[in-house]
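Chains as they are written, first to last, in the working numbering: chain E, 1 to 113; chain B, 114 to 226.
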């Protein structure tokens with residue numbers, strides 16, 4: 001089955017700098033890759049997703065890139081702000097299943113003022 | 114719309130006790146799922162349902178039962194609680210499967226002594 005690895009586990013960046021979080025997956029049949037943000041004590045919320053027929057997707061300061069050959073995808077946050085501090089989770093569909101997501105272990109992003 | 118609701122928010126059980134975690138959504142979503150979240154392990158799928166009367170197992174189903182008698186409700190039953198089931202439990206729903214935006218409930222923090 002699918003396995004998702006996420007790095008780093010903790011990332012500390014200066015406010016205004018960029019942050020990059022990377023995930024690798026094992027099943028070449030996976031076709032959906034979302035990113036969720038979870039603030040302390042809150043529920044996870046989708047921030048951006050990408051499907052296997054697209055290489056890059058942007059939404060304001062957030063972008064996701066997908067490299068199907070290398071089986072990895074990355075979250076890029078530019079011009080980081082204090083409100084970006086949270087835990088970020090990547091996920092991948094379990095093969096070509098439409099019914100299961102396999103999640104990374106999470107990255108705690110700390111924005112230093 | 115209330116979105117996805119979960120009760121209770123907190124629960125303490127003794128080993129061997131049983132209980133039901135409640136989950137309801139008012140968005141007419143077909144797909145509902147239960148996750149557990151443990152430190153350093155991301156989210157792991159316990160069970161999911163693609164519609165009323167249809168349920169299936171996820172990654173970590175042992176010790177849990179589910180049923181889906183209506184579109185709105187998807188309760189999770191712990192049959193005989195064990196300390197290994199101490200976790201935060203999230204219910205989620207989406208229009209169609211896991212390759213769609215997942216809307217999470219606020220979570221239930223369960224401690225088994």
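For glycine and all other residues, C-beta sits at the position ideal for the given N, C-alpha and C. Quantities reported herein were computed from a predicted structural model and do not represent experimental measurements.
Identify every residue that forms a DSSP beta bridge with residue 12 (chain E). As a working mapping, residue 12 (chain E) is identified with position 12 in the first chain. Answer is E:110, bridged to residue 12 (chain E).
When the cut-off is 9 Å and only beta carbons count, does residue 99 (chain E) lie next to chain B? To locate residue 99 (chain E), count along the first chain from 1; it is residue 99. Residue 99 (chain E) counts as touching chain B.
Pair within 9 Å by beta-carbon distance, residue 161 (chain B) and residue 144 (chain B): Numbered from 1 along the second chain, position 48 holds the residue referred to as residue 161 (chain B). Numbered from 1 along the second chain, position 31 holds the residue referred to as residue 144 (chain B). Closer than 9 Å, so yes.
If you reduce the DSSP assignment to three classes, tell me which class residue 172 (chain B) lands in. On the second chain, residue 172 (chain B) is found 59 positions in, with the first residue counted as 1. Three-state result, residue 172 (chain B): coil.
With a cut-off of 9 Å, does the C-beta of residue 103 (chain E) fall near any C-beta of chain B? The residue labelled residue 103 (chain E) in the question sits at position 103 within the first chain. With 9 Å as the cut-off, residue 103 (chain E) counts as an interface residue toward chain B.
Any 3 or more C-beta pairs closer than 8 Å across the stretch 33-53 of chain E and the stretch 87-101 of chain E: yes
Excluding sequence positions up to five away, which residues of its chain have a Cβ less than 8 Å from the Cβ of residue 226 (chain B)? Walking along the second chain from the start, residue 226 (chain B) turns up at place 113. Excluding residues within five positions, the ones whose Cβ falls inside 8 Å are 125, 126, 127, 128 and 196.
State yes or no: is the beta carbon of residue 31 (chain E) nearer than 9 Å to at least one beta carbon in chain B? For the purposes of this step, residue 31 (chain E) is taken as residue 31 along the first chain, with counting starting at 1. So yes, residue 31 (chain E) belongs to the interface.
One or two residues paired with residue 20 (chain E) in a DSSP bridge: The sequence position of residue 20 (chain E) within the first chain is 20, counting from 1. DSSP lists E:76 as partners of residue 20 (chain E).
Distance cut-off 8 Å: residue 20 (chain E) Cβ against heavy atoms of the ligand MN: For the ligand MN, the structure offers nothing, since it holds no ligand at all.
Other residues of its chain near residue 48 (chain E): CB distance less than 8 Å, five sequence neighbours each side excluded: Here the question's residue 48 (chain E) lines up with position 48 in the first chain. Once the five neighbours on either side are set aside, the close Cβ partners of residue 48 (chain E) are 34, 35, 57, 59, 62, 63, 64 and 75.
At 8 Å on the CB atoms, spell out the chain B contacts of residue 89 (chain E), in chain order. Here residue 89 (chain E) refers to the residue found at position 89 when the first chain is read from its first residue. What residue 89 (chain E) touches in chain B: 155 and 156.
Within chain B, the residues that residue 93 (chain E) reaches when beta carbons sit closer than 7 Å: Reading the first chain from its first residue, position 93 is the one you call residue 93 (chain E). Those within 7 Å of residue 93 (chain E) in chain B are 211 and 212.
Within 9 Å (strictly less), CB to CB, does residue 4 (chain E) reach chain B? Here residue 4 (chain E) refers to the residue found at position 4 of the first chain. Taking Cβ atoms only, chain B reaches closer than 9 Å to residue 4 (chain E), which makes this a yes.
Cβ of residue 55 (chain E) within 9 Å of any chain B Cβ: As a position in the first chain, residue 55 (chain E) is number 55, starting the count at 1. Answer no: the Cβ-Cβ gap between residue 55 (chain E) and chain B never drops below 9 Å.
With 8 Å as the C-beta to C-beta threshold (strictly closer), list the residues of the stretch 156-175 of chain B near chain E in chain order. 156, 157, 158, 161, 163, 169, 171 and 172
Among E:105, E:101, E:29 and E:45, nearest to residue 69 (chain E) - alpha-carbon criterion: Indexing the first chain from 1 puts residue 69 (chain E) at position 69. Closest option to residue 69 (chain E), Cα to Cα, is E:29.
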